[in-house]
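**Q** Questions regarding the structure given below will be posed in turn.
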Amino acid sequence: MAIEPLLASRAQKAFIITISFQAVVVLVMIAIVFRLVEDEVTFTGGYKVRRIA
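Its first residue numbered 1, the sequence shown is counted upward by one per residue in UniProt numbering.
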């Protein structure tokens with residue numbers, strides 16, 4: 001039995017391109033949401049800082 005080379009057919013190439021595009025879109029969406037959350041919520045431990053009056 002011959003092993004079919006990777007990306008031999010047009011359908012396989014289209015599938016890999018589609019999956020790669022979707023992965024990039026998901027990463028961009030995660031970055032956008034993280035940025036929105038970071039703008040609203042502080043990630044620093046401000047409550048741990050002592051204020052001397």
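In this text, a Cβ means the ideal position worked out from N, Cα and C, and glycines have one as well.
(1) Can you tell me whether DSSP reads M1 as helix, strand or coil?
(2) Could you spell out the range, first to last residue, of the alpha helix (DSSP H) harbouring S20?
(3) Return the CA-CA distance between F43 and F21, expressed in angstroms with no decimal places.
(4) If you draw a straight line from the alpha carbon of A14 to that of P5, how long is it in whole angstroms?
**A** Inspection of the coordinates gives the following:
(1) Model confidence at M1 stands at a pLDDT of 47, short of 50, so the residue's coordinates are unreliable and nothing is read from them.
(2) Unbroken alpha helix (DSSP H) run through S20: R10 to E40.
(3) 31 Å
(4) 15 Å
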